[in-house]
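In the working numbering, the protein residues as written are 16 to 755.
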C-alpha cells in the first residue's frame with residue numbers, strides 16, 4: 016500500500032492490526048489525530064473503500080472501547096460533501112469564498128514563483144509558516160513543515176498556544192519527567208483535578224479516576240466553573256480566574272504553618288525549602304482569600320485535605336497556564352506534590368504531560384540545523400498585530416502558509432487577524448480539509464487528508480501508549496498528507512536539490528522520529544508497532560510505577576527545585592516550541608520562586624473598565640475549531656453562549672436565553688445568555704472554537720482576547736480577559752457589531 020499519492024510515498028504493506036471478512040468488509044486499527052491527551056485507539060470499519068463507521072478499540076487499555084462525542088462519527092468528516100478535495104485558486108475578493116479548481120501542478124508552480132519573488136524582493140523572512148497541532152502525529156503533526164521552512168529561510172514560528180508555559184514551569188521544579196501515570200490514578204486515595212475538565216477534554220482518564228473513587232478515593236476539582244467534572248466532585252473550589260498561584264501559595268502557607276509538610280521526604284528531595292516557606296509567609300489564608308475570592312476556611316480545608324489522604328494524585332489542566340501568573344501557579348502546585356510526600360506511594364504525584372516519556376527525536380523532525388543564524392522568531396498568538404503592522408517588522412510578512420491550524424479562531428485579537436488576512440498584498444496559502452474562514456481568505460487552497468487516509472505514528476501527552484496509524488482508505492480526490500505536501504513544495508521550489516532529506520518518505524520520517532534505542536522503547540520496534548497497532552512504553556506497570564519515591568528528579572540539582580536554578584537564564588520557552596532554538600532568552604528576569612503578580616498596564620485598565628472575568632473554556636463537542644462549524648460531527652454546533660451567574664444577570668436585567676452584547680476595548684459580539692450557577696458572581700464563560708460565520712455577530716470569544724502572553728513560556732494569557740455585558744437592544748439587531 017502506498018502512503019500518500021505520488022511523491023516519495025512509502026510501501027508499508029497493509030494496515031496495522033487490520034482484519035478482513037469474506038464479504039469484502041475490513042476493519043483497520045487507527046489512532047485519533049487530535050491534540051487531545053487521550054489519543055484514542057480507533058477501529059475503522061471499511062466497506063468497498065468507504066468508511067462505514069468508527070469505534071473505540073475495546074482491547075486498548077486506555078481507550079477501553081469508547082470514543083468521545085467529537086470523533087465517534089468521524090466517518091462523516093471523511094466523506095462529508097464539504098471536504099476540500101482539489102487545489103483551488105481564489106477568483107473573488109478575499110473572504111468571499113469564491114474559488115476555481117486548478118491542478119496540483121498549477122498550484123505548485125504559482126506557489127513556487129510567488130514565494131521565490133517575495134524572497135528575492137524582501138528576503139525569505141517575509142515568509143511566515145503558521146501551524147500548530149491540527150494533527151498530532153510525528154509524521155504529519157507539529158514539525159512536519161519545519162525542515163522545509165528552515166531550508167527556505169522563512170521566519171521561525173514560535174508556537175506557544177499550549178503547554179509552553181505549564182511544561183516549562185513543571186520542568187523548572189521537577190524536571191522533564193513524565194511524572195504520574197494516568198492509569199496509576201486508580202490507586203490514589205485523593206484526586207485533585209486543577210484547571211482540568213477531564214470529563215469533557217479527557218474522558219478516558221475518567222475510567223481510572225472512577226475506579227479509584229469506587230475504592231473510596233475523594234475527588235477535589237479546582238475550577239472557576241461548575242464544569243461537567245466539577246459536578247461529580249466531592250469538593251469544588253472556585254477561585255477567581257488568574258489567581259491559582261495565590262491559592263497554591265496560600266495552601267503552602269498552611270502546610271508549613273500547621274506542620275503538615277512531609278519533612279523527611281521534602282528535606283531529602285528538594286532544595287529551596289526555606290526560601291519557599293519564607294515566600295509563603297506572605298500568603299496566609301486571609302490574604303490568599305482576598306485575592307482568590309475564597310473564604311480563608313476553604314483554603315485551610317484544602318491544605319489539610321491535600322496533606323491528609325495519601326497517595327495524593329494531582330492532574331494539572333491546560334487552563335492553568337493561560338494567565339499571567341500561570342507558570343508560577345504550576346510551579347507552586349508542583350511544589351505541593353513534594354511537600355505532601357505524595358510521590359512515596361503508587362498513585363501519588365502529579366501529572367502534567369505524559370509526552371515527556373516518549374523519546375522523540377525533535378532534532379531529526381525539525382532539522383533546526385538548517386536554520387540560518389539570526390533568523391527572527393515571531394509568536395503566532397500575536398499574528399493579528401504582526402499582520403496589520405501594529406507591531407513593526409522589517410521585512411513585513413508578505414506570505415503566510417497555514418497548515419494544521421485555523422488562526423482566525425486560534426489567535427488573539429481576532430478582528431486584527433481578520434484584517435491581516437484580508438490584506439490584498441498578503442499571499443496566503445492554506446492547506447485544509449474544510450473551507451474554514453481562514454481558508455476563505457486564501458489565494459491558494461490545498462486539499463488535506465484526514466487521519467483515515469494517511470500514515471502516522473501517534474504519541475500521547477495523556478498516557479504512555481505509542482500507536483501506529485495506517486490509511487484505512489486511499490486519499491479521496493487529490494488530497495495529500497502534510498508530509499506529502501512538503502515533499503511536493505520542496506521539489507517545486509528547488510530546495511530538494513540542495514536538501515534531499517526534504518524528500519524523506521513517511522516511513523523514513525517515522526524511523527527518525529523516535530530514538531528506538533531508548534529504554535522507554537525497549538521491546539518495541541517500528542515493524543512490531545505497524546503489526547500490532549499499539550504498544551505501552553517500557554516505563555513500569557501502572558500498578559507498581561513509582562517514578563520519584565527515591566526523591567530524585569531530573570533537574571540540574573537532581574532534586575525538586577522550589578527555587579529554580581533555571582530562573583537565572585531569564586525568560587525563555589522550551590526548545591521545540593521554537594524549532595530547536597535552545598532557550599530563547601529575552602532578558603526578562605524570572606523569580607526563582609513562584610509569585611503572584613497583580614495585573615498592570617493594559618490589563619489593569621481593562622479590569623478597571625470591564626467588571627467581568629471572562630473564561631474561554633473548551634467545548635465538550637468540538638476540539639478548538641475542529642467541528643466548530645457544526646458539520647461533519649456527532650451533533651449540530653453549540654450556539655454561541657455566555658454563562659453568567661444569576662445574581663449578576665438579575666442586576667443587569669438579563670434573562671436566561673436572551674441576547675446580550677459582550678464587549679471590551681478589542682471588540683463586541685452577540686451571545687445567548689445562559690443564566691445559572693455555572694460560574695460564580697463576577698465571572699462569565701464562553702466556549703472557544705466557534706466559527707465566526709456560525710455566530711449572530713460574526714465574532715467569537717477570540718475577538719475579545721488580547722494577543723498577550725504570560726511571563727513563563729509565552730503561553731496565551733486568555734484567562735486574564737475582562738469584559739462588560741449588557742442586554743441587546745431591539746434596535747441593534749445582529750449586524751455590524753463584530754468590531755468596535
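Quick reminder that beta carbons are idealized off the backbone N, C-alpha and C, glycines included.
Query, Result
"Bounding residues of the beta strand (DSSP E) (the contiguous stretch that carries residue 620)", "Run containing residue 620: none in the beta strand (DSSP E); it sits in the alpha helix (DSSP H), 616–624."
"Enclosing beta strand (DSSP E) for residue 499 [first to last residue]", "First-last for residue 499: 497–508, but that is the alpha helix (DSSP H), not the beta strand (DSSP E)."
"Terminal residues of the beta strand (DSSP E) in which residue 442 lies", "442–447"
"Burial state of residue 670, where buried means 16 or more other Cβ atoms lie within 10 Å", "exposed"
"Local Cβ density within 10 Å of residue 562, reported as buried at 16 or more and exposed below that", "buried"
"Assigned secondary structure, residue 159 (DSSP; H/G/I helix, E/B strand, else coil)", "coil"
"Residue 105 in three-state terms, based on DSSP", "strand"
"Euclidean distance between Cα positions of residue 523 and residue 507", "21 Å"
"4 or more residues per run - each alpha helix (DSSP H) lying fully within the stretch 383–467", "398–403, 422–425, 429–436"
"Among 558, 559, 537, 560, nearest to residue 550 - alpha-carbon criterion", "537"
"DSSP beta-bridge partners of residue 114", "105"
"CA nearest to the CA of residue 180, picked from 372, 161, 336, 64", "336"
"Top-ranked residue by Cα proximity to residue 339, from 490, 194, 617", "617"
"Cβ pair residue 53, residue 217 closer than 8 Å", "yes"
"Residue 746, buried or exposed, once every other Cβ within 10 Å from all chains shown has been counted against 16", "exposed"
"Span separating the alpha-carbon of residue 259 from that of residue 265", "10 Å"
"Per DSSP, the bridge partner or partners of residue 77", "According to DSSP, residue 77 bridges with nothing at all."
"C-alpha gap between residue 305 and residue 367, whole angstroms", "28 Å"
"CA-to-CA distance, residue 608 to residue 364, given in whole angstroms", "20 Å"
"Residue nearest to residue 8 in terms of C-alpha spacing, selected from 201, 542, 121, 447", "This structure cannot speak to residue 8, because the chain is shown only from 16 to 755."
"Beta-carbon proximity check, residue 738 vs residue 679, cutoff 8 Å", "yes"
"Proximity of residue 426 and residue 396 at Cβ, strictly below 8 Å", "yes"
"Simplified DSSP assignment, three categories, for residue 12", "Lying before the first or after the last residue shown, residue 12 is absent from the chain, which here runs from 16 to 755."
"Backbone CA spacing between residue 4 and residue 299 [nearest angstrom]", "Beyond the ends of the chain as shown, which are 16 and 755, falls residue 4; an answer cannot be given."
"Spatial neighbours of residue 568 in its chain, beta-carbon cut-off 7 Å, leaving aside the 5 residues before and after", "189, 190, 192, 574, 575"
"Contact check, residue 105 vs residue 458, beta carbons under 8 Å", "yes"
"When 240, 43, 51, 47 are compared against residue 639, the one with the closest alpha-carbon", "51"
"CB contact flag (residue 277, residue 331, <8 Å)", "no"
"Buried versus exposed call for residue 743 [16 or more other C-beta atoms within 10 Å across all chains shown]", "buried"
"Close-in-space but distant-in-sequence residues of the same chain around residue 268 (CB under 6 Å, 5 per side omitted)", "295, 298, 299"
"Reduced DSSP secondary structure (H/G/I, E/B, other) of residue 739", "strand"
"Burial state of residue 102 (16 or more Cβ within 10 Å)", "buried"
"Pairwise C-alpha distance: residue 262 and residue 232", "23 Å"
"Residue interval of the beta strand (DSSP E) (run including residue 145)", "142–146"
"Chain-order list of residues whose beta-carbon lies under 8 Å from that of residue 66 (same chain, five-residue window excluded)", "59, 60, 89, 90, 93, 94, 467, 487, 488"
"Local Cβ density within 10 Å of residue 124, reported as buried at 16 or more and exposed below that", "exposed"
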